[in-house]
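Using UniProt numbering, you'd call the opening residue of the sequence shown number 1 and step up by one each time.
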Amino acid sequence: MVLYPDVQRRAQAEIDLVIGRDQLPAFEDRASLPYIDAVLRETLRWEPVVPLGIPHATTSDDIYDGYFIPKGLLCLAISRDEKKYHDACRFTPERFIDDNGQLTDDNPAHYAFGMGPRICPGRYAADASLWAAIATMLATLNISLAKDDDGNAINFTPEFRTGVTRHPVTFPCSISARSEIHSELVDTLRTAM
Numbered sequence: 001m002v003l004y005p006d007v008q009r010r011a012q013a014e015i016d017l018v019i020g021r022d023q024l025p026a027f028e029d030r031a032s033l034p035y036i037d038a039v040l041r042e043t044l045r046w047e048p049v050v051p052l053g054i055p056h057a058t059t060s061d062d063i064y065d066g067y068f069i070p071k072g073l074l075c076l077a078i079s080r081d082e083k084k085y086h087d088a089c090r091f092t093p094e095r096f097i098d099d100n101g102q103l104t105d106d107n108p109a110h111y112a113f114g115m116g117p118r119i120c121p122g123r124y125a126a127d128a129s130l131w132a133a134i135a136t137m138l139a140t141l142n143i144s145l146a147k148d149d150d151g152n153a154i155n156f157t158p159e160f161r162t163g164v165t166r167h168p169v170t171f172p173c174s175i176s177a178r179s180e181i182h183s184e185l186v187d188t189l190r191t192a193m
């Protein structure tokens with residue numbers, strides 16, 4: 001959200017329109033918040049937590065999109081394919097929204113959580129947790145560039161560390177409640193935990 005404030009504003013506008021500003025999004029609201037789901041999908045696609053570059057071998061002959069794929073072929077899952085995702089290095093949730101404002105059939109969760117016999121058994125819990133975290137943070141917080149002592153924005157280039165999981169290197173940012181009401185909602189969440 002620090003790098004793409006326009007995404008944050010659009011997501012917050014959707015939440016405010018559908019939910020209002022005095023309550024938090026709930027799972028029952030998910031179908032009414034397609035842009036929030038698009039943000040989740042783009043998060044899974046843009047900088048995956050688990051390296052998707054681990055080769056896998058096909059277990060049988062297959063035909064995909066008109067292409068013959070022989071048994072034993074090493075395959076890589078790539079979320080940065082420019083043919084599929086125009087300007088793939090850019091965080092663009094709109095790529096998952098159709099002309100009618102609805103979610104497309106393209107969902108990176110189909111490959112982000114693995115496929116076939118090695119699919120992640122916790123994928124539904126992970127999806128729900130990610131959605132709740134994204135929706136709650138966007139509903140209650142403003143996330144922006146940090147400022148130096150003179151009030152100038154501190155720009156940075158995001159860096160990621162890899163290993164078993166992939167995560168961003170610490171970066172400067174400013175996180176604040178969107179309003180007094182949102183601050184109270186966050187306090188309510190904190191005391192409930």
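Don't be surprised by glycine CBs; every beta carbon is placed ideally from N, CA and C.
> Can you name, in chain order, every residue of its own chain whose Cβ lies under 6 Å from the Cβ of residue 37, other than the five neighbours on each side?
Replying inline: For the purposes of this step, residue 37 is taken as the residue at position 37 of the sequence shown. So the qualifying residues of the chain are 103.
>> Buried or exposed for residue 121, going by 16 or more other Cβ atoms inside 10 Å?
In response: By one-based count along the sequence shown, residue 121 stands at place 121. A residue is called buried when at least 16 other Cβ atoms come within 10 angstroms of its Cβ; residue 121 does not meet this threshold and is exposed.
> Shortest alpha-carbon distance to residue 14 belongs to which of 177, 156 and 139?
Replying inline: As a working mapping, residue 14 is identified with position 14 in the sequence shown. Ranking the options by Cα distance to residue 14, first place goes to 139.
> With DSSP run on the structure shown, which of helix, strand or coil describes residue 178?
Replying inline: As a position in the sequence shown, residue 178 is number 178, starting the count at 1. Residue 178 carries a coil assignment under DSSP once its states are collapsed to helix, strand and coil.
>> Tell me the DSSP secondary structure of residue 215 in three-state form.
In response: The shown model of the chain, from 1 to 193, leaves out residue 215, and the question about it has no answer.
> Buried or exposed: which applies to residue 168, given that a residue is buried once 16 or more other Cβ atoms fall within 10 Å of its Cβ?
Replying inline: On the sequence shown, position 168 is the one that residue 168 refers to. Exposed, by the Cβ-count rule.
> Looking only at C-alpha atoms, which of 11, 170, 46 and 47 sits nearest to residue 30?
Replying inline: The residue you call residue 30 lines up with position 30 of the sequence shown. When each option's Cα is compared against that of residue 30, the closest is 11.
> Is the beta carbon of residue 190 less than 8 Å from the beta carbon of residue 142?
Replying inline: On the sequence shown, position 190 is the one that residue 190 refers to. On the sequence shown, position 142 is the one that residue 142 refers to. Cβ distance not < 8 Å, so residue 190 and residue 142 don't count as in contact.
> Once you ignore the five residues that flank residue 155 on each side, which residues in its own chain have a CB closer than 8 Å to its CB?
Replying inline: In the sequence shown, the residue the question calls residue 155 occupies position 155. 145, listed in sequence order.
>> Out of 28, 133, 22 and 48, which one is the CA nearest neighbour of residue 164?
In response: If you number the sequence shown from 1, residue 164 lands on position 164. For the residues 28, 133, 22 and 48, the minimum Cα distance to residue 164 belongs to 48.
> For residue 158, which residues of its own chain have a beta-carbon under 7 Å away from its beta-carbon, when the five flanking residues on both sides are left out?
Replying inline: The residue labelled residue 158 in the question sits at position 158 within the sequence shown. Closer than 7 Å at the Cβ level, and outside the excluded window around residue 158, lie 3, 168 and 171.
>> Helix, strand or coil for residue 127? Go by DSSP, reduced to three states.
In response: Position 127 of the sequence shown, counted from the start, is the residue given in the question as residue 127. If DSSP states are grouped into helix, strand and coil, residue 127 belongs with the helices.
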